[in-house]
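First comes the structure, then the notes that go with it.
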Amino acid sequence: MDTFSFLIDGFALAIQPANLIYAAIGVLIGTAVGVLPGIGPALTVALLLPVTFKLDPGGSIIMFAGIYYGGMYGGSTTAILLNAPGESASVVTALEGNKMARAGRGGPALATAAIGSFVAALVATAGLAVLAPYLVKIAVKFGPWDYFGLMLIAFVTVSATFGSSPLRGLTSLAFGLWLGLMGIDQLTGQARLTFGVPGLLDGVEVTTLAVGLFAIGEAFFVASRHLYKPEKPIPVKGSIWMTREDWKRSWKPWLRGTVIGFPIGALPAGGAEIPTFLSYTIERKLSSKPEEFGRGAIEGVAGPEAANNASAAGTLVPLLTLGLPTSATAAVMLAGFQQYNIQPGPLLFTQHADLVWGLVASLFIANVMLLVLNLPLVGIWVKLLKIPLPWLYAGILVFASMGTLAANPSVTELLLLTGFGVVGFVMRRYDYPIAPAVVGLILGPLADSALRRSLQMSLGDPMILVQHPSSAIMIGIAVVALVAPFVFRGLAKFRQDED
Amino acid sequence: MTQKTLRIPNRPTAMIAVVLFAIAFITYWDASHMKVRATYGMSASAASYFVAILFVVLAIGHLISAFKPSDIEVESADWMAVGWIGFALAGLIGSIWLGGGFIPGSTLLFALTARAFGRKALLVDLCLGAVIGVFVFLLFNKLLTLALPQGPLERLF
Numbered sequence: 001m002d003t004f005s006f007l008i009d010g011f012a013l014a015i016q017p018a019n020l021i022y023a024a025i026g027v028l029i030g031t032a033v034g035v036l037p038g039i040g041p042a043l044t045v046a047l048l049l050p051v052t053f054k055l056d057p058g059g060s061i062i063m064f065a066g067i068y069y070g071g072m073y074g075g076s077t078t079a080i081l082l083n084a085p086g087e088s089a090s091v092v093t094a095l096e097g098n099k100m101a102r103a104g105r106g107g108p109a110l111a112t113a114a115i116g117s118f119v120a121a122l123v124a125t126a127g128l129a130v131l132a133p134y135l136v137k138i139a140v141k142f143g144p145w146d147y148f149g150l151m152l153i154a155f156v157t158v159s160a161t162f163g164s165s166p167l168r169g170l171t172s173l174a175f176g177l178w179l180g181l182m183g184i185d186q187l188t189g190q191a192r193l194t195f196g197v198p199g200l201l202d203g204v205e206v207t208t209l210a211v212g213l214f215a216i217g218e219a220f221f222v223a224s225r226h227l228y229k230p231e232k233p234i235p236v237k238g239s240i241w242m243t244r245e246d247w248k249r250s251w252k253p254w255l256r257g258t259v260i261g262f263p264i265g266a267l268p269a270g271g272a273e274i275p276t277f278l279s280y281t282i283e284r285k286l287s288s289k290p291e292e293f294g295r296g297a298i299e300g301v302a303g304p305e306a307a308n309n310a311s312a313a314g315t316l317v318p319l320l321t322l323g324l325p326t327s328a329t330a331a332v333m334l335a336g337f338q339q340y341n342i343q344p345g346p347l348l349f350t351q352h353a354d355l356v357w358g359l360v361a362s363l364f365i366a367n368v369m370l371l372v373l374n375l376p377l378v379g380i381w382v383k384l385l386k387i388p389l390p391w392l393y394a395g396i397l398v399f400a401s402m403g404t405l406a407a408n409p410s411v412t413e414l415l416l417l418t419g420f421g422v423v424g425f426v427m428r429r430y431d432y433p434i435a436p437a438v439v440g441l442i443l444g445p446l447a448d449s450a451l452r453r454s455l456q457m458s459l460g461d462p463m464i465l466v467q468h469p470s471s472a473i474m475i476g477i478a479v480v481a482l483v484a485p486f487v488f489r490g491l492a493k494f495r496q497d498e499d
Numbered sequence: 001m002t003q004k005t006l007r008i009p010n011r012p013t014a015m016i017a018v019v020l021f022a023i024a025f026i027t028y029w030d031a032s033h034m035k036v037r038a039t040y041g042m043s044a045s046a047a048s049y050f051v052a053i054l055f056v057v058l059a060i061g062h063l064i065s066a067f068k069p070s071d072i073e074v075e076s077a078d079w080m081a082v083g084w085i086g087f088a089l090a091g092l093i094g095s096i097w098l099g100g101g102f103i104p105g106s107t108l109l110f111a112l113t114a115r116a117f118g119r120k121a122l123l124v125d126l127c128l129g130a131v132i133g134v135f136v137f138l139l140f141n142k143l144l145t146l147a148l149p150q151g152p153l154e155r156l157f
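Printed below as a string of structure tokens:
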């Protein structure tokens, strides 16, 4: 029952008028930025982090939760009305949602996405509140060797197992790890890979990398492909409300999507692509009207959207309890926590219990606000989609550089941002995934120090990693996950040929 | 077709392999210059050596796949547009480097990026960029008390 009383305390913190206003502002600007085409939740959070800098930690985290959920919701609006998913998790939403919008049922599509997200996030946040304390109990017993094993799993699953090509995923990860080496080593005080540049001594900021790779890289990429031919958002015609039949066809997919999304999101493998695709496939199989799939079936929006949001709440489980980000968005959120001098992990629940439960409570509140504010305001979000692309990307670049400058006003930082933009462009052009680089930058130094602390405790004997069964098992899983895609590559080709 | 050099079907991949080798070499070189050793366990250079090895392995992987036909289609790029964005970012960096401040820099950034995306009305975009720059500057420096770089123009506020 501890959880419950903590949660009540959390609500008491989150429901203070000032914090409610922070949540509302967060939801609104999160949606406003997330709705812009090409901007997913990770970038939304990275772009808006500086805005929360000067608030007190409680207020900024609450605003942050609002930005996060707002960004997620904004992404699905773009997917439905513009057929331009801002991230891979919204790709499935665009499949059916855009067809619905074309058939004049954009309103119900947006509504089922919003309510589905709401239901899923509500259930999944409750799951987070219930599950987290148990995980924390296990996690406090973790030694550095266990953390090292866990991070290996995260590395491999994020980069090699689920990407289009393990080689490209691992290369992206290696780039992140390499950037993570830069700066002063925490244990010996030596400078690594700083090349005598004083601006590099503090290491590379995660937000600079994320904004450079995502925002600047995207701008280069879109400009290079002439993708700026006018694409008009589909106007929302008719009632935005769902009919009785829409409700009947939506509620089961919402719940099924939640059940699929939350556990997969909570695994170190993470990611929202798999649960959304899984949910879409299941809904198509179970639907009473399978012939509507591909032409605008409401189940195909309801299920994947719920799965997407549930898995997003799921990624908060390893993030908050273990300090382990398993998606680009989670990595950026971790960077945000670190900027408020909060280190997620088992200690967070004992040292900053008020903050954690305040955050969980504000996730609930942000959810309610999203539903209350966003559905009636959908007209405004649609107007945002009508900004001409040249101005849109020009504005994004101004905003991106401004955020970087506000965090660290130096020319070095801007040069890094530009450099990462060019790298992001090359990665997009040649189909390298971007999330592994961000995860590598964040987890690389943590894995390094976990390994070195293990070896200090064993007086330099590397066998310590396999002597503990827990870390041995985790390292084993990581090795299998690394080797499997290469072994089964022949099989995968065979399967593709059949199609 | 008689070519002296070996014909590589997938040139970009080969280029990336070269870059990866270069990064591996730089990392190795940097690590070999780190003097402080740990009394026991791993020293700070061990992670660098590990990453250097990882880069070598990946570079070899890229080299191998460079001799296979590419599995992805790379669309032709409009390098003019890419150049304009580079120019736009250079405008911002230059403005801040030379002490011109944030507002002129972001004005250039905005107008030149809009140019990259095909807009021709440079004067209108310059004005709009300036308005956005002033607005953002006031929002950040006055309301959020974050320090954006200041030049002569910003000190007027």
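As they're listed, the protein sequences go chains A and B. Once you know that position 26 of the first sequence is 26 in full-length UniProt numbering, the rest is easy, because the numbers rise by one and skip nothing. Once you know that position 82 of the second sequence is 82 in full-length UniProt numbering, the rest is easy, because the numbers rise by one and skip nothing. C-beta: ideal position from N, C-alpha, C; glycine also.
Problem - CA nearest to the CA of Asp146(A), picked from Asn341(A), Leu200(A), Leu446(A) and Pro409(A) - result: Counting from 1 along the first sequence, the entry for residue 146(A) is found at position 146. Selected option, being the one with the closest Cα: Leu446(A).
Handout entry: Whether Ser224(A) touches Ala114(B) by CB criterion (8 Å)
Key = Here the question's residue 224(A) lines up with position 224 in the first sequence. Here the question's residue 114(B) lines up with position 114 in the second sequence. No, Cβ-Cβ distance for Ser224(A) and Ala114(B) is not below 8 Å.
Exercise for the section: Using a Cβ cut-off of 8 Å (strictly closer), state whether Ser32(B) contacts chain A. Expected result: The residue given as residue 32(B) occupies position 32 in the second sequence. It does not: the Cβ of Ser32(B) has no partner Cβ on chain A nearer than 8 Å.
Handout entry: Contact belief for Asn309(A) with Ser117(A) at Cβ below 8 Å, rounded distance in angstroms
Key = For this step, residue 309(A) is matched to residue 309 along the first sequence. For this step, residue 117(A) is matched to residue 117 along the first sequence. At roughly 4 Å, the Cβ-Cβ gap stays under 8 Å, so Asn309(A) and Ser117(A) are in contact.
Handout entry: CB contact check: Arg225(A) to chain B, cutoff 8 Å
Key = Your numbering for residue 225(A) matches position 225 in the first sequence. Arg225(A) counts as touching chain B.
Practice task
Go ahead and label Glu291(A) buried or exposed: buried means 16 or more other beta carbons lie within 10 angstroms of its beta carbon, across all protein chains shown.
Solution key: As a first step, residue 291(A) must be located in the first sequence, where it is residue number 291. With fewer than 16 Cβ atoms within 10 Å of its Cβ, Glu291(A) is classed as exposed.
Exercise for the section: Measuring alpha carbon to alpha carbon, tell me which of Tyr68(A), Asn98(A) and Thr188(A) ends up nearest Ile39(A). Expected result: Here the question's residue 39(A) lines up with position 39 in the first sequence. Looking at the Cα atoms, Tyr68(A) is the closest of the given residues.
Exercise for the section: Given a cut-off of 8 Å, decide if Leu348(A) and Ile442(A) are closer than it, judged by their beta-carbon atoms. Expected result: What you label residue 442(A) is simply residue 442 of the first sequence in a count that begins at 1. What you label residue 348(A) is simply residue 348 of the first sequence in a count that begins at 1. Cβ distance not < 8 Å, so Ile442(A) and Leu348(A) don't count as in contact.
Problem - Own chain residues within Cβ distance below 8 Å of Pro9(B), not counting five before or after - result: The residue you call residue 9(B) lines up with position 9 of the second sequence. If we look at Pro9(B) and ignore the five residues flanking it on each side, its Cβ neighbours are Ala66, Phe67, Lys68, Pro69 and Ser70.
Exercise for the section: Give a yes or no on whether 8 Å exceeds the smallest Cβ distance from Gly91(B) to chain A. Expected result: Here residue 91(B) refers to the residue found at position 91 of the second sequence. By this cut-off, Gly91(B) is not an interface position.
Problem - Three-way DSSP call (helix, strand, coil) for Arg105(A) in this model - result: By one-based count along the first sequence, residue 105(A) stands at place 105. Three-state DSSP puts Arg105(A) in coil, outside helix and strand.
Practice task
Could you tell me the distance, in whole angstroms, from the CA atom of Ala147(B) to the CA atom of Pro409(A)?
Solution key: Stepping through the second sequence from its first residue, residue 147(B) is reached at position 147. Stepping through the first sequence from its first residue, residue 409(A) is reached at position 409. Going from the Cα of Ala147(B) to the Cα of Pro409(A) covers about 7 Å.
Exercise for the section: Kindly confirm or deny that the region 98 to 109 of chain A and the region 326 to 345 of chain A touch, where touching means at least three C-beta pairs closer than 8 Å. Expected result: no
Exercise for the section: Give a yes or no on whether 8 Å exceeds the smallest Cβ distance from Gly100(B) to chain A. Expected result: Here the question's residue 100(B) lines up with position 100 in the second sequence. Cβ-Cβ to chain A under 8 Å: no for Gly100(B).
Practice task
Below 9 Å between beta carbons is the criterion; list the residues of the region 112 to 123 of chain B that meet it against any residue of chain A, in chain order.
Solution key: Leu112, Thr113, Ala114, Arg115, Ala116, Phe117, Gly118 and Arg119
Practice task
Select from the region 382 to 412 of chain A all residues with a C-beta closer than 9 Å to any C-beta belonging to chain B, and list them in chain order.
Solution key: Pro388, Leu389, Pro390, Trp391, Leu392, Tyr393, Ala394, Gly395, Ile396, Leu397, Val398, Phe399, Ser401, Met402, Leu405, Ala406, Ala407, Pro409, Ser410 and Val411
Problem - Among Gly105(B), Arg119(B), Leu123(B) and Val131(B), the one whose alpha carbon lies nearest that of Gly151(B) - result: Sequence index remark: in the second sequence, residue 151(B) carries index 151 (1-based). Nearest C-alpha to Gly151(B): Gly105(B).
Practice task
Give a yes or no on whether the C-beta atoms belonging to Glu299(A) and Arg244(A) are separated by under 8 Å.
Solution key: Residue 299(A) sits at position 299 when you count from the first residue of the first sequence. Residue 244(A) sits at position 244 when you count from the first residue of the first sequence. Cβ distance not < 8 Å, so Glu299(A) and Arg244(A) don't count as in contact.
Problem - Ile132(B) versus Val33(A): straight-line alpha-carbon distance, rounded - result: Stepping through the second sequence from its first residue, residue 132(B) is reached at position 132. Stepping through the first sequence from its first residue, residue 33(A) is reached at position 33. Rounded to the nearest angstrom, the two C-alpha atoms are 16 Å apart.
Problem - Alpha-carbon spacing of Ala484(A) relative to Leu167(A), whole angstroms - result: Here residue 484(A) is taken as the residue at index 484 of the first sequence, counted from 1. Here residue 167(A) is taken as the residue at index 167 of the first sequence, counted from 1. In a straight line, the C-alpha of Ala484(A) is about 13 Å away from that of Leu167(A).
Problem - Where Ala130(B) falls: helix, strand or coil (DSSP) - result: Here the question's residue 130(B) lines up with position 130 in the second sequence. If DSSP states are grouped into helix, strand and coil, Ala130(B) belongs with the helices.
Handout entry: Bridge partner(s) assigned by DSSP for Ile184(A)
Key = On the first sequence, position 184 is the one that residue 184(A) refers to. Per DSSP, Ala191(A).
Exercise for the section: Taking only beta-carbon positions, decide if Asp499(A) is within less than 8 Å of chain B. Expected result: The sequence position of residue 499(A) within the first sequence is 499, counting from 1. Since pLDDT at Asp499(A) reaches only 36, below the 50 mark, its modelled position is unreliable, and no value is offered.
Exercise for the section: Look at the alpha carbon of Ile387(A) and the alpha carbon of Leu123(B), and state the distance between them as a whole number of angstroms. Expected result: As a working mapping, residue 387(A) is identified with position 387 in the first sequence. As a working mapping, residue 123(B) is identified with position 123 in the second sequence. Using only the alpha carbons, I get a separation of about 18 Å.
Practice task
Identify the continuous alpha helix (DSSP H) that holds Ile477(A) and give its terminal residues.
Solution key: In the first sequence, the residue the question calls residue 477(A) occupies position 477. Pro469 to Val487 is the extent of the alpha helix (DSSP H) around Ile477(A).
Problem - Test: Leu153(B) CB closer than 8 Å to a CB of chain A - result: Reading the second sequence from its first residue, position 153 is the one you call residue 153(B). It does not; no Cβ of chain A falls within 8 Å.
Problem - chain B contact for Ile192(A) (CB, 8 Å cutoff) - result: Walking along the first sequence from the start, residue 192(A) turns up at place 192. Note that residue 192(A) corresponds to Arg in the displayed sequence, not to Ile. So, interface residue.
Practice task
Measure the alpha-carbon distance for Pro17(A) versus Ile380(A) and round it to whole angstroms.
Solution key: Here residue 17(A) is taken as the residue at index 17 of the first sequence, counted from 1. Here residue 380(A) is taken as the residue at index 380 of the first sequence, counted from 1. Approximately 25 Å, taken between the alpha carbons.
Exercise for the section: Go through its chain and collect everything with a Cβ distance to Asp499(A)'s Cβ below 8 Å, but skip five positions before and after it. Expected result: Here residue 499(A) refers to the residue found at position 499 of the first sequence. In this predicted model, Asp499(A) has a pLDDT of only 36, less than 50, meaning its place in the structure is not dependable enough to derive any value.
Exercise for the section: In the DSSP assignment, find the alpha helix (DSSP H) that holds Glu283(A) and state where it starts and stops. Expected result: Against the first sequence, residue 283(A) aligns to sequence position 283. Taken as a continuous stretch (DSSP letters only), the alpha helix (DSSP H) holding Glu283(A) covers Glu273 to Leu286.
Handout entry: Unbroken alpha helix (DSSP H) run spanning Ser90(A), endpoints
Key = Counted from its first residue, the first sequence places residue 90(A) at position 90. Note, Ser90(A): premise wrong, no alpha helix (DSSP H); not H, not E.
Practice task
Assuming Ile260(A) contacts Ala191(A) (C-beta within less than 8 Å), just tell me the rounded distance between them.
Solution key: Your numbering for residue 260(A) matches position 260 in the first sequence. Your numbering for residue 191(A) matches position 191 in the first sequence. Not quite, the Cβ-Cβ distance comes to about 47 Å (not below 8 Å), so this is no contact.
Exercise for the section: Compare the beta carbon distance of Leu200(A) and Gly183(A) with 8 Å and say whether it is the shorter of the two. Expected result: Taking the first sequence and counting its residues from 1, the one referred to as residue 200(A) is at position 200. Taking the first sequence and counting its residues from 1, the one referred to as residue 183(A) is at position 183. Yes, the Cβ-Cβ distance between Leu200(A) and Gly183(A) is below 8 Å.
Practice task
Measuring alpha carbon to alpha carbon, tell me which of Phe399(A), Asn19(A), Leu459(A) and Gly358(A) ends up nearest Asp9(A).
Solution key: Numbered from its first residue, the first sequence carries residue 9(A) at position 9. If we check each option's Cα against that of Asp9(A), Gly358(A) comes out closest.
Exercise for the section: For Leu148(B), name the three-state secondary structure that DSSP assigns. Expected result: The count along the second sequence starts at 1 and reaches residue 148(B) at position 148. In this structure, Leu148(B) counts as coil in the three-state DSSP scheme.
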